[in-house]
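Here the structure comes first, spelled out in structure tokens, and everything after it is commentary.
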Amino acid sequence: MKSHLRDLLYQALQHLQAQGVLPEAGYEIGVERAQEAQHGDYASNIALTLAKAARRKPRELAQLIVAQLPASARVAKVEIAGPGFINFFVSAVALQSVVSDILQAGDGYGRSVLGAGQRVQVEFVSANPNGPLHVGHGRGAAIGSTLANLLQATGYEVQREYYVNDAGRQMDILALSVWLRYLEQCGERVTFPVNGYKGDYVRHIARALHERCGAALRRDSGEIWRDVPPDEGAENGDKEAHVDALIARARSLLGAADYRTLFEAGLNAMLADIRDDLEQFGVHYDHWFSERSLTADGAVGRAIARLKQGGDLYSQDGAWWFRSSRYGDEKDRVVVRDNGEQTYFASDIAYHLGKFERGFARVVNVWGSDHHGYIPRVKAALQALGSDPDRLDVVLVQFVILFRNGVRAQMSTRAGEFVTLRELRNEVGNDAARFFYVMRKSDQHLDFDLELAKSKSNENPVYYVQYAHARICSVLRQGEQKGYPWDAASGAAHLHLLTEGHEQKLMSTLSLYGAAVERAALAYEPHQIVYYLKELAADLHAYYNALPFLVEDAALRNARLALLVATRQVLKNALTLLGVSAPESM
RNA sequence: GCGCCCUUAGCUCAGUUGGAUAGAGCGUUGGGUUCCGAUCCCAAAGGUCAGAGGUUCGAAUCCUCUAGGGCGCGCCA
């Protein structure tokens, strides 16, 4: 419709140019949805933007343009309003056609080819596999997953990826923690390090390991603790040194093979848990990318070598620094430490470089907002290596605060540990969780009202929207029972009977769906789908309350049912993008 | 201290590349509807868009400064 109106305006402008009213030049013709009903359906500000060039008052120019507009069956009325806006009122015929469009396209309605098959990668969650996912990760999962769905629906070829941080000290701490719990299983008495992972999940992993391996990984406890520097709390205690020494001891006492067994036990158990959690949450990945693989196949070494070649590395204090400040970062960053180990940042350079080498036209990272300071250095690295940093977009996700009965829900009883995603899902259900997670703009804090998410009332937006879908199903069931099954052909033939105000409003909202999907996808703003759904559901409920559907007049009845079925289709399509179910009854 | 993000009605939040009298839900007040499944409609009240300058036909939106809040500033990951 928008492009149709642009065409009409373009033709009018051509006439005016021919008459010498307007100078010859190419113009951007802006056509927007009108904000208020009294402004019609679409509005153009073309007269305002061209007033200067035409040396006429905007309203006067608007009149000239309108006078030259070709007639169109899809436009019922054109008005000039305000400072010089041209308002278009869409004809009933044009409005009604949306119903048949939807019924014809079905599940495909709202999809577009905007992305033209370009390959886009969305990387999200990527939580370290050293513990279960918590409620904060859940928001990243919901937003990332919806974003991927949106981009797919707009014609991009999307790859969903999880970057597994399976290297580094944190994973060694997990391995050590598992080992100590395992030794407890063997009957040893251990003093658990302050820095160790104390969650119950570590005990579960240790128990399974003990059942599988017996005492094969047991070592003499005197040897383990010999000369280990004291933990925090003791005199001259240092929790970092303590835990590092224990890791080194585990390595030496167990040997490479047994340490690997231990390490893998922790990693694999955690990964399986995370995978399972996300799968149940309706979040699916195409690829789980291992950080260790980057070192193993030499990608990190190659990236560092390239930086060195480009003159972007220098040696200082025994370490290798990347001159990121040259590319807009606050300061330079270490990529190889003085002990010869590569930093996490070094892997990340290789990882992001690899993303572009894999042929993605665009790369989207969904990160917790606490990582925002990391963006400049990654972009700096891409630029130094000759990739276009603008092809990397980072969506920052703010924190989630749980509320129960109006008060901030306490973090779990175990000190410092957040409520897990699984606990949240079990309490409020997957649908409510996913819907609530994407309800706010991602860079806004999310106040998550647990009681509201569970309530079965129209104040609960999930319930309100899902019920709109169920309600339509219910009407159709009622129709069957009354001997009024929906006749699709009759409905299609009598759409012109849909002239009531509520019907027009509903059809108008339906016609906005495609634009809403595109906007949400391009701006990386899943919350726009939620707002769209709320409006669509409100229109449906209002229609339901205002007019009867199962009327005796078959033509009118089938037309109304056609509108209902179309509405149901769009509700379902939009809910599916969010990963929320569309129930037939509730 | 420096950097990034945020600040819109009593509350929770929208506001589509700068557009018309800044909107919605909840809450409050008054009225109507209560029929296909569990609710909708109308009206009223409520705003210095944190504050101050600037850019222009036009600013919640862009720029500068100030205030308040969040986060980040490791040879950690």
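For the first sequence, the numbering used here gives the first residue as 67, with consecutive numbering after it.
For glycine and all other residues, C-beta sits at the position ideal for the given N, C-alpha and C.
Point to revise | Enclosing beta strand (DSSP E) for residue 438 [first to last residue] | key: Residue 438 -> no beta strand (DSSP E), and no H or E assigned at all.
Practice item. Would you tell me roughly how many angstroms separate the C-alpha atoms of residue 176 and residue 631, rounded to the nearest one? Key: Straight across, the Cα-Cα distance linking residue 176 with residue 631 is about 15 Å.
Exercise for review: Would you tell me roughly how many angstroms separate the C-alpha atoms of residue 542 and residue 434, rounded to the nearest one?
Suggested key: Answer to the nearest angstrom: the Cα atoms are 44 Å apart.
Review point. Taking the Cβ atom as the reference point for each residue, do residue 628 and residue 558 lie within a distance shorter than 8 Å?
Key: A contact, by the Cβ cut-off of 8 Å.
Practice item. Grab me the residues of residue 613's own chain with a C-beta within less than 7 Å of its C-beta, minus the 5 sequence neighbours each way, in chain order. Key: Within the same chain, and ignoring the five residues on either side of residue 613 in sequence, the residues whose Cβ sits closer than 7 Å to its Cβ are 566 and 568.
Practice item. Return the first residue and the last residue of the beta strand (DSSP E) that residue 143 is part of. Key: In this chain, the beta strand (DSSP E) harbouring residue 143 covers 141-147.
**Study point:** Distance between residue 431 and residue 461 (C-alpha atoms, nearest Å)
**Key:** Distance between the alpha carbons of residue 461 and residue 431 is about 6 Å.
Review point. Excluding five sequence neighbours on each side, which residues of the same chain lie with their C-beta closer than 7 Å to the C-beta of residue 247?
Key: Excluding residues within five positions, the ones whose Cβ falls inside 7 Å are 268, 269 and 272.
Exercise for review: Using the Cα positions of residue 370 and residue 425, report the straight-line distance between them to the nearest angstrom.
Suggested key: Their Cα atoms are separated by approximately 21 Å.
Exercise for review: Indicate whether residue 319 and residue 290 have their beta-carbon atoms separated by less than 8 Å.
Suggested key: A contact, by the Cβ cut-off of 8 Å.
Check your understanding: Which of the three DSSP states, helix, strand or coil, is assigned to residue 486?
Key -> DSSP places residue 486 in strand when its eight states are reduced to three.
Exercise for review: Output the boundary residues of the alpha helix (DSSP H) element that contains residue 268.
Suggested key: Per DSSP, residue 268 belongs to the alpha helix (DSSP H) from 266-279.
**Study point:** For residue 109, the nearest candidate out of 598, 158, 145 and 388 (CA to CA)
**Key:** Answer by Cα proximity: 145.
Check your understanding: Helix or strand or just coil, what does DSSP make of residue 211?
Key -> The three-state secondary structure of residue 211, taken from DSSP, is helix.
Check your understanding: Any idea if residue 635 is buried or exposed, counting beta-carbon neighbours within 10 angstroms, 16 or more meaning buried?
Key -> Buried: at least 16 other Cβ atoms inside 10 Å.
Check your understanding: Grouping DSSP H, G and I as helix and E and B as strand, with all else coil, what is residue 422?
Key -> If DSSP states are grouped into helix, strand and coil, residue 422 belongs with the helices.
Review point. In terms of DSSP beta bridges, what is residue 353 paired with?
Key: According to DSSP, residue 353 bridges with 227.
**Study point:** Buried or exposed (CB count within 10 angstroms, at least 16 for buried), residue 261
**Key:** Buried.
Exercise for review: Excluding the 5 residues preceding and the 5 following residue 208 in the sequence, name in chain order all residues of the same chain whose CB lies nearer than 6 Å to its CB.
Suggested key: Around residue 208: 500, 503 and 504.
Practice item. Specify the secondary structure class of residue 480 as computed by DSSP and reduced to three states. Key: In this prediction, residue 480 scores a pLDDT of 41, lower than 50, which makes its location untrustworthy; the coordinate-derived value is nonetheless stated afterwards. Looking at residue 480 - three-state DSSP - the assignment turns out to be coil, as it is neither helix nor strand.
Practice item. Specify the secondary structure class of residue 338 as computed by DSSP and reduced to three states. Key: Assigned with DSSP and collapsed to three states, residue 338 falls in helix.
Point to revise | Alpha carbon of residue 156 to alpha carbon of residue 106, nearest angstrom | key: The alpha-carbon of residue 156 is positioned some 8 Å away from that of residue 106.
Review point. Thinking C-alpha only, which one of 356, 579, 411 and 560 is nearest residue 619?
Key: Nearest of 356, 579, 411 and 560 to residue 619, Cα basis: 560.
Review point. Between residue 582 and residue 595, is the Cβ-Cβ spacing less than 8 Å?
Key: Cβ atoms of residue 582 and residue 595: closer than 8 Å.
Review point. Which whole-angstrom value is the C-beta distance of residue 184 and residue 225, which I expect to be below 8 Å?
Key: Rounded to the nearest angstrom, the Cβ distance from residue 184 to residue 225 is 12 Å, too far for a contact under 8 Å.
Point to revise | Uninterrupted beta strand (DSSP E) stretches inside the stretch 491-530 (no shorter than 3 residues) | key: Counting only runs of 3 or more residues that sit fully inside the stretch 491-530, the beta strand (DSSP E) segments are 512-515, in chain order.
Review point. Residues in its own chain within less than 7 Å of residue 232 by CB, not counting five upstream and five downstream?
Key: These residues qualify, in order along the chain: 195, 333, 356, 357 and 358.
Check your understanding: Shortest alpha-carbon distance to residue 587 belongs to which of 151, 402, 170 and 219?
Key -> The option with the nearest alpha carbon to residue 587 is 219.
Check your understanding: Which residues mark the beginning and the end of the alpha helix (DSSP H) in which residue 125 is found?
Key -> Looking at the DSSP string, the run of the alpha helix (DSSP H) that includes residue 125 is 124-134.
Point to revise | Unbroken stretches of the alpha helix (DSSP H), 4 residues or longer, contained in the stretch 585-614 | key: If only uninterrupted alpha helix (DSSP H) runs of at least 4 residues are considered, those enclosed by the stretch 585-614 are 593-612.
Exercise for review: Look at residue 422 and residue 474 and say whether their C-beta atoms are less than 8 Å apart.
Suggested key: No. Outside cutoff.
Point to revise | Residue nearest to residue 654 in terms of C-alpha spacing, selected from 142, 98, 136 and 87 | key: With the chain covering only 67 through 652, there is no way to say anything about residue 654.
**Study point:** First through last residue of the beta strand (DSSP E) which encompasses residue 386
**Key:** DSSP places residue 386 inside the beta strand (DSSP E), whose first and last residues are 385-388.
Check your understanding: Taking the continuous alpha helix (DSSP H) assigned at residue 189, which residues delimit it?
Key -> Counting along the chain, no alpha helix (DSSP H) covers residue 189; the unbroken beta strand (DSSP E) around it starts and ends at 185-189.
Check your understanding: Does DSSP put residue 298 in a helix, a strand or coil?
Key -> In the displayed model, residue 298 falls within a strand according to three-state DSSP.
Review point. With residue 203 and residue 637 assumed to form a contact (beta carbons below 8 Å), what rounded beta-carbon distance in angstroms separates them?
Key: Actually they are not in contact, since the Cβ atoms of residue 203 and residue 637 sit about 28 Å apart, beyond 8 Å.
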